[in-house]
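Read the structure below first, then the notes.
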Amino acid sequence: MRGRFAEQLSERVLVFDGAMGTVLHVAGNSLDRALPELNLSNPELVSTIHESYVAAGADVLLTNTFGANRLRLAEHGCSVSARDINLAAVRLARQARRGVHRTIFVAGSVSPAVSSSSRAGVRADERAEVVREQVQALVDGGVDLLVLETFGHLDELVEAITVAAEVTDLPIVAQATFTSDGLTPAGETPREVVKALTGLPVTAVGANCTLGPQHMLAILDELRDAGDLPVGVHPNAGMPRRTGRRFTYPVARAHFGRYARRFAEHGAAMIGGCCGTTPGHIREVVARLADLRPRQANPVTAVPKPRPAPPQSPLARRLARPGFVLATQVTPHGEPEDVERVRGAGLALVRGNFGEALRLEREAGVDTITTVTAWDRSLAALQADLLGAHAFGLRTVVCETGTPVPLGDYPGADGIWEVDSVGLIGLLAGLNSGRDHTGLTLATRTAFHIGARVNPGAEDPDAELSRTKAKIAAGAQFLITRPVYELEGLSRLVTELSGVDIPVLVAIAPLSGFAEAEYLAYEVPDVTIPPRALSELEAAGKREAEVGLALAAELLDGARDLVRGAVVVADEHPGKIDSLLRQEKSALQL
56 MRGRFAEQLS ERVLVFDGAM GTVLHVAGNS LDRALPELNL SNPELVSTIH ESYVAAGADV
116 LLTNTFGANR LRLAEHGCSV SARDINLAAV RLARQARRGV HRTIFVAGSV SPAVSSSSRA
176 GVRADERAEV VREQVQALVD GGVDLLVLET FGHLDELVEA ITVAAEVTDL PIVAQATFTS
236 DGLTPAGETP REVVKALTGL PVTAVGANCT LGPQHMLAIL DELRDAGDLP VGVHPNAGMP
296 RRTGRRFTYP VARAHFGRYA RRFAEHGAAM IGGCCGTTPG HIREVVARLA DLRPRQANPV
356 TAVPKPRPAP PQSPLARRLA RPGFVLATQV TPHGEPEDVE RVRGAGLALV RGNFGEALRL
416 EREAGVDTIT TVTAWDRSLA ALQADLLGAH AFGLRTVVCE TGTPVPLGDY PGADGIWEVD
476 SVGLIGLLAG LNSGRDHTGL TLATRTAFHI GARVNPGAED PDAELSRTKA KIAAGAQFLI
536 TRPVYELEGL SRLVTELSGV DIPVLVAIAP LSGFAEAEYL AYEVPDVTIP PRALSELEAA
596 GKREAEVGLA LAAELLDGAR DLVRGAVVVA DEHPGKIDSL LRQEKSALQL
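With my numbering, you'll find the sequence shown wraps up at 645, consecutive numbering, no jumps.
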């Protein structure tokens, strides 16, 4: 059993059980007491709950050991031996699977060493020691894997993984908990959690507790896109409501089951329930996943098939899956608010140098798409910068020719280009093939994901289409439009490119008001502002920013059927972008 968990995880979606504490509470036990102690004082009740989850179809049973370490037990005034409680918990879970003719794993549940309120008064070495004691008892009892769950501080999760791996080589599932703002209680993003766990001895990562099914879907997507480990989600059955001395949860089984299906379709390898979920919820999950459970064509293969190497670019990973890709565009200025502006966006197009992109990746925890311009740069300088960026981990770039700054008394003077955007794309494609700009063979190949700009509003659409095809022929792998304000040109472009297998992302830039719209319509070449937008903004008065945002939202909604994703431009008006991003993310989750 111990060696089969990773194999099963590669073959099918594994359904974990639901809440233990909630069901014990419904049975009349106060949440103020040490619920793991019931493994000794009321083993029949704990066994009945395990057996109910087995009957519901769960593949994994978690032991009734959340908080079963000596520090947490002491917080509840329980002086019973933590080791005895853990050994009894494993025995009860193992007994529940006897006589069942399918594989059921017993997972040892391990919580943070202390509650959040007690964290400040407990040293890290004390926390590590109590985790070590509990893990050792669970391993001695005979669990098949360990589940480190509901960790709100990344440092504690890393600490617990390290300790557990020193005790045993059993599979470890590491789960953090996230609040409605998409961060752990300590403020870490899903991407930061996955990056911190990459390279540690964990079999899978996941999220549990705090959030209901809808918000958990967004967390799943971010965890999945941040790395290559299998991902699991275990949401609550909604927000708790206190009725007298008892807590109840609102999410019905059917709603929970619908989202379980969506979790699986979004790539979840493990699905279960946390607070408020019951055997009825898990039975619904099993029914909803009945036709999706196999994860590969030949599930009886003795050794799992090796997983193909994923694309190096986070954007490429997103585009390789179904669904609409959403990003934001920013021009960072090195200020702290820049980090806060893009934190949680997950994917950002950065109009700045590679250093700014690296800063945002490290400080804000987002994946970046970096704009590279060819203007006023030699091929050798461009190549050196690109190779350096690749060495630091940047992978996704958008190639532009660039626009020269005004030169003295001659603002119309042209710049100096050794290559334009097409040549820049060719340079990147050569580096990916292991050749430098002179054609010499490099020691290693790069893995850039190469993008190019396209303008659906160009005055000469035929010339724009011809140039776009030249970019694709040079090696462009995706396209990002210039900001568009109407769908007719975008639809025409997409139709013209229908025979070319290349994803297109549309750039949406909310208009701040009539003055900006009028300027773009009459003074900026190759920009089309529809008459309706002009008239509505002119009539809006003080509500013009609100109307501009509504027009952008309408445009974004209409573009979903035409393109693979969107980049919401926040360069000039960052204050009004957040609501549009939240609105679009909510729409994508429905």
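Even for Gly, the Cβ is constructed at its ideal location relative to N, Cα and C. Bear in mind the structure is a predicted one, so any value in this text is a computation, not a measurement.
Apart from the five residues on each side of it in sequence, which residues of its chain come closer than 6 Å, Cβ to Cβ, to residue i?
i      : result
Thr356 : Note that Thr356 scores 31 on pLDDT, short of 50, meaning its location in the model is unreliable and no value can be drawn from it.
Thr120 : Pro91, Asn141, Ala144 and Ser164
Pro167 : Phe206 and Glu211
Thr536 : Val509, Pro511, Val561 and Ala562
With residue i as the anchor, note down where its beta strand (DSSP E) starts and where it stops.
i      : result
Asp422 : Asp422 to Thr428
Glu204 : Leu200 to Phe206
Leu560 : Val559 to Ile563
His492 : First-last for His492: undefined, no H or E at that position.
Leu402 : Leu402 to Val405
Could you check what DSSP says for residue i in three-state terms: helix, strand or coil?
i      : result
Thr383 : strand
Pro295 : coil
Met271 : helix
Pro538 : strand
Pro451 : Contrary to the premise, residue 451 reads as Thr rather than Pro in this sequence. In this structure, Thr451 counts as strand in the three-state DSSP scheme.
Gly478 : helix
Gly410 : helix
Ala595 : helix
Val549 : helix
Phe569 : helix
Thr103 : helix
His131 : coil
Gly620 : strand
Leu284 : coil
Ala88  : Checking the sequence shown, residue 88 turns out to be Arg, not Ala. It is coil, neither helix nor strand.
Gly485 : helix
Which one of the options has the shortest CA to CA distance from residue i?
i      : options                           : result
Ala605 : Asp616, Gly596, Ala588 and Arg615 : Ala588
Arg376 : Gly132, Val622, Asp280 and Glu184 : Asp280
Ala307 : Ala319, Glu418, Val288 and Gly331 : Gly331
Thr333 : Glu320, Gly76, Ala259 and Leu209  : Gly76
Asp87  : Cys133, Val68 and Ala113          : Cys133
Ala621 : Leu381, Pro245, Arg338 and Ile159 : Leu381
Ile480 : Gln191, Ala513 and Leu534         : Leu534
Asp581 : Pro511, Ser136 and Ala608         : Pro511
Ser590 : Phe318, Phe569 and Ala403         : Phe569
Arg59  : Lys526, Leu275, Thr258 and Val405 : Thr258
Leu95  : Thr118, Val78 and Gly73           : Thr118
Thr253 : Leu275, Glu66, Asp283 and Leu575  : Asp283
Ala113 : Asn291, Ala148 and Gly596         : Ala148
Ala137 : Pro369, Val177 and Ala89          : Ala89
Pro708 : Tyr304, Arg246 and Val260         : It is not possible to answer for residue 708, since the shown part of the chain is limited to 56 through 645.
Ala219 : Leu238, Leu193, Pro240 and Glu473 : Leu193
Val222 : Gly197, Gly196 and Gln191         : Gln191
Considering just the uninterrupted stretch of the alpha helix (DSSP H) at residue i, what are its terminal residues?
i      : result
Val523 : According to the sequence shown, residue 523 is Thr rather than Val. Note, Thr523: alpha helix (DSSP H), Pro516 to Ala529.
Arg146 : Ala137 to Ala151
Ala309 : Arg308 to Glu320
Gln63  : Phe60 to Glu66
Asn94  : Leu93 to Ser96
Ala444 : Leu434 to Ala446
Ile337 : Pro334 to Arg343
Leu79  : Gly76 to Val81
Gly196 : Ala179 to Gly196
Leu116 : That residue, Leu116, is in no alpha helix (DSSP H); its beta strand (DSSP E) goes Val115 to Leu117.
Return the chain-ordered list of same chain residues with a C-beta closer than 7 Å to the C-beta of residue i, the five sequence neighbours on each side being excluded.
i      : result
Val624 : Gln384, Pro538, Ala562, Ile563 and Ala564
Ala263 : Just to set this straight, residue 263 is Asn in the shown sequence, not Ala. Excluding residues within five positions, the ones whose Cβ falls inside 7 Å are Glu204, Thr205, Gln230, Thr232, His289 and Cys329.
Arg182 : Ala168, Val169, Glu211 and Glu214
Gly603 : Pro565, Leu566, Ser567, Gly568 and Leu592
Asn487 : Arg500, Thr501, Ala502 and Phe503
Ala251 : Leu209 and Val213
Ala61  : Pro226 and Thr258
His105 : Leu116, Leu147, Ala148 and Ala151
Lys524 : none
Ser368 : Arg450, Thr451 and His504
Could you check whether the Cβ of residue i sits closer than 9 Å to any Cβ belonging to chain D?
i      : result
Ala439 : Among the protein chains of the structure shown there is no chain D, as only one such chain exists.
Give every residue of the same chain whose Cβ lies closer than 8 Å to the Cβ of residue i, excluding the five residues on either side of it in the sequence, and list them in chain order.
i      : result
Glu514 : Pro580 and Asp581
Leu374 : Val380, Phe533, Pro558, Arg619 and Gly620
Arg125 : Ala137, Val185 and Glu188
Val68  : Ala319, Ala323, Ala324, Met325, Ile326, Leu344, Leu347, Arg348 and Arg350
Glu601 : Ala595
Touch test, the segment 530–543 against the segment 490–501, Cβ-Cβ under 8 Å, three pairs minimum: no
Would you be able to state if there are at least three C-beta pairs under 8 Å between the segment 607–627 and the segment 554–562? yes
Is there contact here, the segment 145–155 with the segment 93–112, by at least three beta-carbon pairs under 8 Å? yes
Would you call the segment 448–457 and the segment 501–513 in contact, with 3 or more CB pairs under 8 Å? yes
Using 8 Å as the Cβ pair cut-off and three pairs as the minimum, do the segment 230–250 and the segment 173–187 touch? no
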